[in-house]
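S.K.:
Protein chains: 2
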Amino acid sequence: MFFQNVLDQTIKRIKAQTANVLTLVNLSLGGFAIIECIKGNLSLSLLLIFIAALADRFDGMIARKLSIESELGKQLDSMSDIISFGVAPALLIYQGILFEYGAPGSFFTIFFIGCGAFRLARFNITENNGYFTGLPITAAGCLATLSFLGISYLPPQIYMAIMISLSFLMVSPFRIRKV
Amino acid sequence: MFFQNVLDQTIKRIKAQTANVLTLVNLSLGGFAIIECIKGNLSLSLLLIFIAALADRFDGMIARKLSIESELGKQLDSMSDIISFGVAPALLIYQGILFEYGAPGSFFTIFFIGCGAFRLARFNITENNGYFTGLPITAAGCLATLSFLGISYLPPQIYMAIMISLSFLMVSPFRIRKV
Numbered sequence: 002m003f004f005q006n007v008l009d010q011t012i013k014r015i016k017a018q019t020a021n022v023l024t025l026v027n028l029s030l031g032g033f034a035i036i037e038c039i040k041g042n043l044s045l046s047l048l049l050i051f052i053a054a055l056a057d058r059f060d061g062m063i064a065r066k067l068s069i070e071s072e073l074g075k076q077l078d079s080m081s082d083i084i085s086f087g088v089a090p091a092l093l094i095y096q097g098i099l100f101e102y103g104a105p106g107s108f109f110t111i112f113f114i115g116c117g118a119f120r121l122a123r124f125n126i127t128e129n130n131g132y133f134t135g136l137p138i139t140a141a142g143c144l145a146t147l148s149f150l151g152i153s154y155l156p157p158q159i160y161m162a163i164m165i166s167l168s169f170l171m172v173s174p175f176r177i178r179k180v
Numbered sequence: 002m003f004f005q006n007v008l009d010q011t012i013k014r015i016k017a018q019t020a021n022v023l024t025l026v027n028l029s030l031g032g033f034a035i036i037e038c039i040k041g042n043l044s045l046s047l048l049l050i051f052i053a054a055l056a057d058r059f060d061g062m063i064a065r066k067l068s069i070e071s072e073l074g075k076q077l078d079s080m081s082d083i084i085s086f087g088v089a090p091a092l093l094i095y096q097g098i099l100f101e102y103g104a105p106g107s108f109f110t111i112f113f114i115g116c117g118a119f120r121l122a123r124f125n126i127t128e129n130n131g132y133f134t135g136l137p138i139t140a141a142g143c144l145a146t147l148s149f150l151g152i153s154y155l156p157p158q159i160y161m162a163i164m165i166s167l168s169f170l171m172v173s174p175f176r177i178r179k180v
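Protein chains in written order, with the numbering used here: chain A, 2 to 180; chain B, 2 to 180.
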């Protein structure tokens with residue numbers, strides 16, 4: 002009985018670390034995306050953000066499937082999210098187009114990151130009720146990243162509108178059902 | 002009595018927002034530091050990180066003095082910290098020197114951010130017992146930023162050692178009394 006308990010605890014601990022390791026992979030991909038963005042490899046940065054989104058999708062799924070959702074995991078997930086879907090996409094759009102606009106370009110970039118941080122802080126203190134309040138930062142970050150693909154075709158001003166709209170959608174009070 | 006209550010509530014709400022606004026100022030300074038870092042204005046980036054550290058010091062002090070410490074404020078503070086004292090200093094050292102080392106330089110940069118995120122996630126789920134567990138990310142970020150001043154005088158390899166040491170100090174289990 003004692004050994005069974007020890008074994009169960011050990012397996013549970015390994016399982017718990019699986020989800021957290023995947024969260025740290027997501028964070029590292031976000032960090033890597035930021036560095037590639039600095040180096041001017043914007044297409045690689047875009048790819049890394051999308052792979053981070055996949056990792057983010059899986060860590061939550063694994064945590065739920067294995068019933069190992071932890072408070073530490075939730076907090077770590079938010080830290081990863083602000084890096085991979087807040088800072089990284091904002092810098093991608095900044096480096097891709099917004100830098101041309103000087104101070105307003107910087108403002109929209111920082112505003113996106115700030116709204117993302119507020120969205121995550123609010124999410125962390127609310128109970129899970131089956132709904133998201135405001136657009137999740139993962140979705141906003143992915144949409145911003147996706148919009149980067151149209152940079153040669155769309156008028157540049159539209160990127161300010163995209164960033165400000167996504168920022169407001171993140172902090173707005175509307176609710177959408179979780180899928 | 003009713004109006005007194007309404008007035009008290011309103012004043013309390015304004016007071017609560019004071020600390021949160023200062024936290025958002027801290028976050029914005031961090032975001033601004035990252036953008037200046039990308040643009041190659043490393044000295045300005047350094048200055049912005051130090052001003053963010055001052056704002057970070059004040060928001061906590063104000064929250065405690067006015068007895069308006071909130072769970073949202075704590076979460077928002079952590080989000081600001083990962084940006085201003087995790088991402089910004091790591092990118093400053095990367096742009097200043099570590100980029101010369103290619104992949105290992107990127108690794109140490111991301112490792113610093115990852116350890117900072119883990120430190121903050123752990124901090125958020127622990128009760129305040131008057132002690133910090135591991136080096137706070139604010140201190141680690143400021144020390145990394147401070148080390149940037151020696152970039153012309155110190156051997157470049159030392160910056161890898163500084164980054165890895167600060168990273169491990171953040172996640173290590175030693176305890177220091179809060180001041």
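Ideal Cβ positions, reconstructed from N, Cα and C, are used throughout, including at glycine.
Quick caveat, the model's predicted, so the values are computed rather than measured.
So A:L30 and A:A53 are in contact, right, with Cβ under 8 Å, and what is the actual spacing, rounded?
M.R.: Right, the Cβ-Cβ distance comes to about 4 Å (below 8 Å), so this counts as a contact.
S.K.: So for B:I83, helix, strand or coil by DSSP?
M.R.: Helix.
S.K.: Of all Cβ atoms in chain B, is any one closer than 8 Å to the Cβ of A:E72?
M.R.: Yes, its Cβ sits closer than 8 Å to a Cβ of chain B.
S.K.: Measuring alpha carbon to alpha carbon, tell me which of B:G106, B:I126 and B:F51 ends up nearest A:L77.
M.R.: Comparing Cα positions, the closest option is B:I126.
S.K.: For a contact meaning CB atoms closer than 7 Å, what does A:M80 contact in chain B?
M.R.: Result: I83, A118, L121 and A122.
S.K.: Note the first and the last residue of the continuous beta strand (DSSP E) segment covering B:Y132.
M.R.: Looking at the DSSP string, the run of the beta strand (DSSP E) that includes B:Y132 is Y132 to T134.
S.K.: Going by C-alpha distance, which of B:L67, B:S85 and B:A91 is nearest B:D9?
M.R.: With distances taken between Cα atoms, B:D9 lies closest to B:L67.
S.K.: Output, in sequence order along the chain, the residues in the stretch 101-117 of chain A whose CB is closer than 7 Å to any CB in chain B.
M.R.: Answer in chain order: S107, T110, I111, I114 and G115.
S.K.: Starting from A:I98 and walking both ways along the alpha helix (DSSP H), at which residues does that stretch end?
M.R.: First-last for A:I98: undefined, no H or E at that position.
S.K.: Please go through the same chain and pick out, in chain order, the residues whose beta-carbon is closer than 7 Å to the beta-carbon of B:I98, but skip the five residues on each side of it.
M.R.: For B:I98, where only same-chain residues beyond five positions count, the Cβ hits under 7 Å are I152, P157 and Y160.
S.K.: Would you report the Cα separation of A:L136 and A:F3, rounded to the nearest angstrom?
M.R.: Taking the straight line joining both Cα atoms gives about 47 Å.
S.K.: Return the residues of the stretch 135-163 of chain B that lie within a Cβ-Cβ distance of less than 9 Å from chain A, sorted by chain order.
M.R.: So nothing in the stretch comes that close.
S.K.: Out of B:I163, B:I177 and B:T139, point me to the one whose CA is closest to B:G61's CA.
M.R.: Out of B:I163, B:I177 and B:T139, B:T139 has the C-alpha closest to the C-alpha of B:G61.
S.K.: Quick check: what's the CA-CA separation for B:G32 versus A:K16?
M.R.: Whole-angstrom Cα-Cα distance: 35 Å.
S.K.: The alpha helix (DSSP H) with A:I111 in it runs from where to where?
M.R.: Per DSSP, A:I111 belongs to the alpha helix (DSSP H) from A104 to N125.
S.K.: In its own chain, which residues sit with a C-beta less than 6 Å from the C-beta of A:S173, not counting the 5 before and 5 after it?
M.R.: Taken in chain order, the residues that qualify are G135.
S.K.: Step through the CB atoms of chain A and report whether any lies within less than 8 Å of the CB of B:G61.
M.R.: For B:G61, the answer is no, since every Cβ of chain A falls outside 8 Å of its Cβ.
S.K.: Name the chain A residues that come within less than 7 Å of B:Q76, Cβ to Cβ?
M.R.: Those within 7 Å of B:Q76 in chain A are A122, N125 and I126.
S.K.: Assuming contact is defined by CB atoms lying nearer than 8 Å, are B:V88 and A:V26 in contact in what I supplied?
M.R.: Their beta carbons are not under 8 Å apart, which means B:V88 does not touch A:V26 by this criterion.
S.K.: Check the Cβ of B:S1 against every Cβ in chain A and list those closer than 7 Å, keeping chain order.
M.R.: Not covered by the structure: residue 1 of chain B. The range shown for chain B is 2 to 180.
S.K.: By Cβ distance below 7 Å, which residues in the same chain neighbour A:S168 in space, the five residues on each side in sequence not counted?
M.R.: Once the five neighbours on either side are set aside, the close Cβ partners of A:S168 are F112, F113 and C116.
S.K.: Report the rounded CA-to-CA distance for A:K75 versus A:N21, giving the unit in angstroms.
M.R.: The alpha-carbon atoms of A:K75 and A:N21 are separated by roughly 9 Å.
S.K.: Quick one: which unbroken alpha helix (DSSP H) runs of 4-plus residues sit fully inside the stretch 15-67 of chain B? Chain order, please.
M.R.: The qualifying runs are 43-66.
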